[in-house]
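Asks: Residues in the sequence shown are numbered from 379 upward in steps of one, following the numbering used here.
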Amino acid sequence: MSTATATASTSKRGRFFYELITVKVEDKLYQIRKDRLERTSQYFQRIFSSLKDGDTNEGSKENPLELRGCTKAEFENSPLVSDIANALAHLESSGLDSKEKATIGMQYGVSQFFIEGSTDLAKGGFEASDIDNLGDSMGYATLSRLLLVRSMARETHVALPLDKLKMRALV
């Protein structure tokens, strides 16, 4: 797969515009909205971020992005919603600690896990020695917000449930 810019055809439906990317898997071409690929796949996020400075023809019908090592069946079979719900239920019952919940919630967009884990962390669910690991996994901006909420709650001496504080969700 080359490392050139993906600019494909732009489609218009009503008043909405979106960019279509042409992807070639084995011998079949697929046209998919670029924003969906970026939103659901870290692989495509990396591809599109590396393509921004290159050839503007990559991802077009004439020059599709070619996926090697992936079959048509694998590419066409995304997980079912029930599979995702079962996976989340399994994770919930596996006894994740607050750090793992917040990190999984943040990385995979599971707001329930992010809120539960972040609330526990803001209540004091980690040690000073955990700060570097949390910063690496959650991002230092998120960790800073958690530490600020934690500090504010300690300074105010008000019996305010931390789950009622409104942190801007990053999920």
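Think of the CB as a built atom: it goes at the ideal place given N, C-alpha and C, for glycine as much as any other residue.
#1: Spell out whether any CB of chain C is found under 7 Å from the CB atom of lysine 406.
#2: Are alanine 480 and glycine 502 touching if we call contact CB-CB under 7 Å?
#3: Could you check if threonine 381 is buried or exposed, using at least 16 other CB atoms within 10 Å of its CB as the buried criterion?
#4: Flag this pair as yes or no: are the beta carbons of isoleucine 493 and glycine 437 separated by less than 7 Å?
#5: Return helix, strand or coil for leucine 474, following the three-state DSSP convention.
#6: Report the option in Arg523, Ile482, Ser489 whose CA atom is closest to the CA atom of alanine 500.
#7: Taking the alpha carbon of histidine 468 as the reference point, which residue from Arg446, Ala451, Phe491 has its own alpha carbon closest?
#8: Suppose you measure from the CA of leucine 445 to the CA of glutamate 505; what does that come to, to the nearest Å?
#9: Which partner residues does leucine 407 have in the DSSP bridge list?
#10: Taking lysine 402 and leucine 429 to be in contact with their CB atoms under 8 Å, please state how far apart those CB atoms are, rounded to whole angstroms.
#11: To the nearest angstrom, how far is the alpha carbon of alanine 463 from that of leucine 474?
Replies: By the coordinates alone:
#1: The chain labelled as chain C is not found in the depicted structure, where only one protein chain is given.
#2: no
#3: Because the pLDDT of threonine 381 is 38, which lies under 50, any placement of that residue in the model is unreliable, and the number read from its coordinates should be weighed accordingly. Its Cβ having fewer than 16 others within 10 Å, threonine 381 is exposed.
#4: no
#5: coil
#6: Arg523
#7: Phe491
#8: 43 Å
#9: Lys402
#10: Lysine 402 to leucine 429, Cβ: 15 Å. No contact.
#11: 16 Å
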